[in-house]
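Everything below concerns the one structure shown next.
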Amino acid sequence: MTDFKKSTVYQIYIKSFYDSDGDGIGDLNGIRLKLPYLKSLGIDYVWVTPFFRSPMNDNGYDVSDYYSVNPVFGTMEDVDRLIEEADKLGIGLMFDMVFNHTSTEHEWFKKALNGDPEYMDYYIFRDSVDGHEPTNWESKFGGNAWKYVPSLDKWYLHLFDKTQADLNWDNPKVREELKKVIRFWKEKGVKGFRFDVVNLISKPEIFKDDSEGDGRRFYSDGPRVHEYLKELVRDTGIGDMLTVGEMSSTTIDNCIRYTRPEDKELSMCFSFHHLKVDYLNGDKWALMPPDLSKLRELLKTWQEEMADKGGWNAVFTCNHDQPRSVSRFGDDRHYLRESAKMLAMLTHLMRGTPYIYQGEELGMTNAYFSSIEQYRDVESTNYYDILLKKGITEKEALDILSARSRDNGRTPMQWNDGKNAGFSKGEPWIGIPDNYKEINAGSEEKDPDSVLNFYRRLVSLRKEYAVISDGGIRFLESGNEKVFAFERILDDKTLSVFLSFSSDNEKISLKIPAGEILIGNYDTATEKPDLLRPFEAVAVYA
Ligand code: TEU
């Protein structure tokens with residue numbers, strides 16, 4: 083089994099990482115050219131978001147052929163070279179398996195649309211109920227989750243975009259097809275897999291209206307999900323690789339089962355409850371500041387329970403579906419460095435495998451787009467229309483997108499202060515925030531105190547200190563809701579971590595203990611052990 087506890091994973095959103103051929107879109111060769119940078123960060127694995135053939139309605143999460151490369155990202159030879167060169171540097175590649183759905187341009191779906199019963203059974207087709215949709219379930223991207231096909235007089239289920247048709251995992255042929263895909267990429271030498279929304283694959287036997295919600299309670303962590311995952315992992319022989327499942331609206335009990343080694347499902351999983359603490363009444367498209375007490379409570383519960391029951395978290399605050407955490411939980415105007423480093427310590431010092439999302443290690447911020455024309459993401463443009471239809475003004479709708487759009491995390495990687503932030507010689511597919519002049523890899527490389535160099539230290543500390551990789555965890559009451567405190571404990575060693583989420587000085591009822599400061603985001607030690615400066619973060623080893 084890979085020692086994934088000592089590992090750090092770096093996530094690459096290929097479209098925005100590095101463009102090697104000047105078409106304004108990142109590509110496989112771009113990743114290969116930047117391998118030395120990744121190596122210098124000390125990371126162990128790179129998760130590359132989907133680069134397979136796709137009409138790109140959802141930027142590659144709508145796969146039309148699992149075995150070929152989207153020409154905009156390169157060729158199969160480019161994939162082989164990337165794997166080979168990464169391997170030489172000791173970096174393992176993880177590919178992204180989008181198995182809950184395929185694009186409606188996949189040949190299976192085309193055959194289904196032609197009425198071939200064998201392929202119709204690859205998807206979830208249902209008859210109308212009283213002349214309308216089979217259920218009232220909502221798509222995650224807005225609107226009803228069923229689309230009508232007049233020629234078949236049936237509806238198909240799409241939990242995401244209407245061009246992403248959900249697969250029928252209850253059909254053993256579908257499961258065999260997907261195993262073949264894994265084997266194909268495994269043979270190419272990848273070292274791990276990320277499974278997209280994999281806890282949504284098992285749908286209920288009976289489809290009925292949800293009177294309480296959008297339908298998710300019927301298909302999240304569905305009836306046969308554990309059985310299907312075990313089968314997939316066993317039959318493809320990926321039990322010893324690094325596998326991470328993306329779990330949408332999941333529960334701790336299920337995540338324990340997904341990740342307990344004895345269950346032989348996955349190495350770790352992503353959950354998202356902690357990234358919904360700024361959703362007003364649970365609505366992503368209604369703004370409020372983050373509820374810090376709720377954030378702490380969720381982290382405490384997920385960290386401690388997973389630890390108690392042998393589960394393992396993938397720890398993260400940023401990815402390609404999320405706004406930048408420094409703009410969300412930090413203060414990107416007044417305390418960019420302090421807050422970016424504080425959030426880094428949160429992610430890298432809790433229990434679990436940390437994930438760095440490209441640009442996070444530079445302190446990259448939200449995009450701050452101000453016009454709808456600047457947005458590219460299907461979810462954002464759909465919801466813009468939905469918000470306007472609800473009667474919200476254009477200005478309000480744009481303010482909501484500016485805080486919540488997935489495009490905030492999808493702007494190009496800021497490599498240097500030159501043209502297009504050094505991302506591309508052509509016109510980038512999406513805009514770049516003006517702050518790339520200050521926030522970029524080139525300048526941060528030269529600055530010992532940069533966010534980038536701070537991430538490097540955190541990545542290497544995980545390898546040196548077993549208390550970080552293997553220790554238990556216990557959250558402490560700091561007496562101040564803006565200051566989180568926890569201890570990592572292994573044998574007779576304790577790492578005490580204090581993190582302030584405030585732009586002011588904050589007093590706590592605990593005292594930061596004496597000991598070796600392993601890492602912190604201020605140069606000087608605090609003079610008063612019960613006072614934290616703005617966004618101060620400190621980890622004491624004793
Ligand atoms: O994301 C699944 C997912 O649950 C989020 O996209 C979420 O629905 C969204 O942020 C709505 O608020 C995965 C991928 O990471 C995402 O990029 C894909 O769009 C999606 O699956 C469909 O494949």
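For the sequence shown, the working numbering gives the first residue as 83, with consecutive numbering after it. Every residue gets a Cβ at the ideal spot worked out from N, C-alpha and C, and that includes glycine.
Notebook entry, point to check: Below 8 Å between beta carbons: does that hold for residue 237 and residue 229?
Noted result: yes
Margin query: Assuming contact is defined by CB atoms lying nearer than 8 Å, are residue 136 and residue 185 in contact in what I supplied?
Written below: yes
Item checked: Unbroken stretches of the alpha helix (DSSP H), 4 residues or longer, contained in the stretch 381–422 -> 407–410
Notebook entry, point to check: Does DSSP classify residue 132 as helix, strand or coil?
Noted result: coil
Next item on the list: May I ask you to report which of helix, strand or coil DSSP gives residue 436?
Entry: In this structure, residue 436 counts as strand in the three-state DSSP scheme.
Note to self: Between the alpha carbons of residue 590 and residue 208, how many angstroms are there, rounded?
What the structure shows: 58 Å
Checklist line | Contact test: residue 330 Cβ vs the ligand TEU heavy atom, cutoff 7 Å | finding: Under cutoff, so the answer is yes.
Next item on the list: Tell whether a beta-carbon distance below 8 Å holds between residue 119 and residue 173.
Entry: The Cβ atoms of residue 119 and residue 173 do not sit closer than 8 Å to each other.
Notebook entry, point to check: Taking the beta strand (DSSP E) that residue 91 falls in, what are its first and last residues?
Noted result: 91–94
Margin query: Just verifying my parser: in three-state terms, what is the DSSP assignment at residue 356?
Written below: helix
Notebook entry, point to check: residue 596: buried (16+ other C-beta within 10 angstroms of its C-beta) or exposed?
Noted result: exposed
Check: So residue 641 is in the alpha helix (DSSP H); what residue range does that whole segment cover?
Finding: An answer regarding residue 641 cannot be provided, because it is not within the stretch 83 to 624 covered by the chain.
Checklist line | Coil, strand or helix - residue 214 by DSSP | finding: strand
Next item on the list: Helix, strand or coil for residue 101, going by three-state DSSP, please let me know.
Entry: coil
Item checked: Helix, strand or coil at residue 606 [DSSP, three-state] -> It is coil, neither helix nor strand.
Note to self: Taking only three categories from DSSP, how would you classify residue 165?
What the structure shows: Look at residue 165 here: in three-state DSSP terms it is helix.
Note to self: Can you tell me where the beta strand (DSSP E) holding residue 174 begins and where it ends?
What the structure shows: 174–179
Notebook entry, point to check: How would you call residue 85, buried or exposed, if buried means at least 16 neighbouring beta carbons within 10 angstroms?
Noted result: exposed
Notebook entry, point to check: Can we say the stretch 197–204 touches the stretch 300–307, given the rule of at least three CB pairs closer than 8 Å?
Noted result: no
Next item on the list: On the DSSP bridge assignment, give the partners of residue 350 in chain order.
Entry: As a beta-bridge residue in DSSP terms, residue 350 pairs with 326.
Notebook entry, point to check: When you compare only the Cα positions, how much space is there between residue 485 and residue 400?
Noted result: 14 Å
Note to self: Let me check one thing: in DSSP terms, what residues is residue 579 bridge-paired to?
What the structure shows: 568, 621
Note to self: Just to check my reading of the structure: residue 180 and residue 154 have Cβ atoms closer than 8 Å, yes? What is that Cβ distance to the nearest angstrom?
What the structure shows: Actually they are not in contact, since the Cβ atoms of residue 180 and residue 154 sit about 17 Å apart, beyond 8 Å.
Check: Should the stretch 271–286 be regarded as contacting the stretch 307–317, the criterion being three or more beta carbon pairs within less than 8 Å?
Finding: yes
Check: Quick one: Cα of residue 339 to Cα of residue 385, how far?
Finding: 15 Å
Check: Is residue 402 near the ligand TEU, in the sense that its beta carbon is under 7 Å from a heavy atom of that ligand?
Finding: yes
Next item on the list: Have a look at residue 481 and residue 287 and give me their C-alpha separation to the nearest angstrom.
Entry: 41 Å
Notebook entry, point to check: Leaving out five residues before and five after residue 365 in sequence, what residues of the same chain have Cβ atoms less than 6 Å from its Cβ?
Noted result: Setting aside the 5 residues that flank it on each side, residue 365 has no residue in the same chain whose C-beta is closer than 6 Å to its C-beta.
Notebook entry, point to check: residue 187: beta carbon under 7 Å from a heavy atom of the ligand TEU?
Noted result: no
Next item on the list: Name the two residues that bound the continuous beta strand (DSSP E) containing residue 150.
Entry: 147–151
Notebook entry, point to check: Per DSSP, what kind of secondary structure is residue 234 in: helix, strand or coil?
Noted result: coil
Next item on the list: For residue 223, collect the residues of the same chain with a Cβ closer than 7 Å to its Cβ; drop the 5 residues on either side in sequence, then sort them by chain order.
Entry: 242, 243, 460, 461, 464
Item checked: Span of the beta strand (DSSP E) around residue 39 -> Residue coverage of the chain in this structure runs from 83 to 624, which leaves residue 39 outside it and unanswerable.
Notebook entry, point to check: Taking only runs of the beta strand (DSSP E) that begin and end inside the stretch 537–569, which ones reach a length of at least 3 residues, in chain order?
Noted result: Complete beta strand (DSSP E) runs here, min 3: 554–558.
Notebook entry, point to check: Any heavy atom of the ligand MG closer than 7 Å to the CB of residue 380?
Noted result: With respect to the ligand MG, the structure offers nothing, as its ligand set consists of the ligand TEU.
Checklist line | Own chain, CB closer than 6 Å to residue 609, minus 5 neighbours either side, in chain order | finding: none
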